[in-house]
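Written out below as structure tokens is the structure these notes cover.
In the numbering used here, the protein residues as written are 573 to 758.
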């Protein structure tokens with residue numbers, strides 16, 4: 573059985589983070605350049621996320637597998653306490669694809685978002701061309717897919733940030749918690 577642990581970002585892991593995200597199969601669907609995935613860029617990303625977390629705008633965690641190896645990163649960003657919303661982003665290094673780590677990391681972060689941050693809705697989007705991310709999101713039983721018409725302003729915000737056409741999905745607190753507590757009761 574696979575397990576994941578979410579740990580605060582640590583500059584010690586910048587080189588490994590760069591190695592994983594620099595692989596074209598990971599980097600290109602995220603719309604990142606080689607320069608944006610360098611060790612220096614990962615160090616800047618870690619520092620920026622640490623500052624944003626202190627301000628309450630973001631929660632970024634390294635995804636560690638059962639052997640405590642860094643395998644990816646998951647982030648709640650653009651946290652809006654007033655609207656009780658946020659966006660989630662995740663990436664997993666290619667050697668760890670297809671093993672269930674993405675789903676497990678998302679479950680932990682959704683639990684944090686809804687139970688500890690008391691958010692109402694967490695949006696998960698993807699660039700239209702990022703087929704792996706879109707497929708992974710559709711597999712989640714609590715995910716509401718293609719909510720662009722319900723939340724057009726969130727889609728616009730996502731597309732501006734990504735500078736690309738995107739799809740938009742959402743997880744509502746009640747849907748996730750109903751699923752979570754049914755699973756725990758089994």
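Yeah, the Cβ is synthetic: ideal placement off N, Cα and C, and Gly gets one too.
Reduced DSSP secondary structure (H/G/I, E/B, other) of residue 580 = Residue mapping note: residue 580 aligns to position 8 of the chain shown, counting from 1. Residue state, collapsed to three classes: strand.
Along the chain, where does the alpha helix (DSSP H) that runs through residue 652 open and close?
-> Counting from one through the chain shown, the residue named residue 652 turns up at place 80. Looking at the DSSP string, residue 652 is not in any alpha helix (DSSP H); the run it does join, the beta strand (DSSP E), is 642-652.
Span of the alpha helix (DSSP H) around residue 624 | In the chain shown, counting from the first residue as 1, residue 624 sits at position 52. Taken as a continuous stretch (DSSP letters only), the alpha helix (DSSP H) holding residue 624 covers 611-627.
What is the DSSP secondary structure of residue 706, reduced to helix, strand or coil?
-> Residue 706 sits at position 134 when you count from the first residue of the chain shown. In this structure, residue 706 counts as helix in the three-state DSSP scheme.
Are residue 658 and residue 677 touching if we call contact CB-CB under 9 Å?
-> As a position in the chain shown, residue 658 is number 86, starting the count at 1. As a position in the chain shown, residue 677 is number 105, starting the count at 1. No, the Cβ-Cβ distance between residue 658 and residue 677 is not below 9 Å.
Count the other CB atoms, across all protein chains shown, that sit within 10 Å of the CB of residue 753; report buried if there are 16 or more and exposed otherwise.
-> Counting from 1 along the chain shown, the entry for residue 753 is found at position 181. So residue 753 ends up on the exposed side.
Do residue 736 and residue 716 have their C-beta atoms closer together than 9 Å?
-> By 1-based counting over the chain shown, the position of residue 736 is 164. By 1-based counting over the chain shown, the position of residue 716 is 144. No; because the gap between Cβ atoms is not below 9 Å, this pair is not in contact.
Residue range of the beta strand (DSSP E) that residue 637 falls in?
-> Your numbering for residue 637 matches position 65 in the chain shown. Unbroken beta strand (DSSP E) run through residue 637: 631-637.
Nearest candidate by alpha-carbon position, reference residue 636, set 672, 612, 613, 616 | Reading the chain shown from its first residue, position 64 is the one you call residue 636. Of the candidates 672, 612, 613, 616, the one whose C-alpha sits nearest the C-alpha of residue 636 is 672.
Where residue 662 falls, given that 16 or more other Cβ within 10 Å makes a residue buried = One-based indexing of the chain shown puts residue 662 at position 90. Buried, since its Cβ has 16 or more Cβ neighbours within 10 Å.
Can you give me the start and stop residues for the alpha helix (DSSP H) that residue 742 sits inside?
-> Position 170 of the chain shown holds residue 742. No alpha helix (DSSP H) contains residue 742, which is instead part of the beta strand (DSSP E) from 738-744.
Three-state class that DSSP yields for residue 655 in the structure shown = Translated into the one-based positions of the chain shown, residue 655 becomes position 83. Three-state DSSP puts residue 655 in coil, outside helix and strand.
Between which two residues does the beta strand (DSSP E) containing residue 694 stretch?
-> Position 122 of the chain shown, counting from 1, holds the residue named residue 694. It spans 693-699 - the beta strand (DSSP E) in which residue 694 sits, taken as one unbroken run.
Taking buried to mean at least 16 other C-beta atoms within 10 Å of its own C-beta, is residue 683 buried or exposed?
-> In the chain shown, residue 683 corresponds to position 111, counting from 1. Label assigned to residue 683: exposed.
As assigned by DSSP and simplified to three states, the class of residue 660 = Taking the chain shown and counting its residues from 1, one reaches residue 660 at position 88. Looking at residue 660 - three-state DSSP - the assignment turns out to be strand.
DSSP three-state call for residue 721: helix, strand or coil?
-> Locating residue 721 in the chain shown gives position 149, counting from the first residue. Three-state result, residue 721: coil.
Ordered along the chain, which non-local residues of its own chain (more than five positions away) have a Cβ less than 6 Å from that of residue 720?
-> Working through the chain shown from its first residue, we reach residue 720 at position 148. Closer than 6 Å at the Cβ level, and outside the excluded window around residue 720, lie 727, 740.
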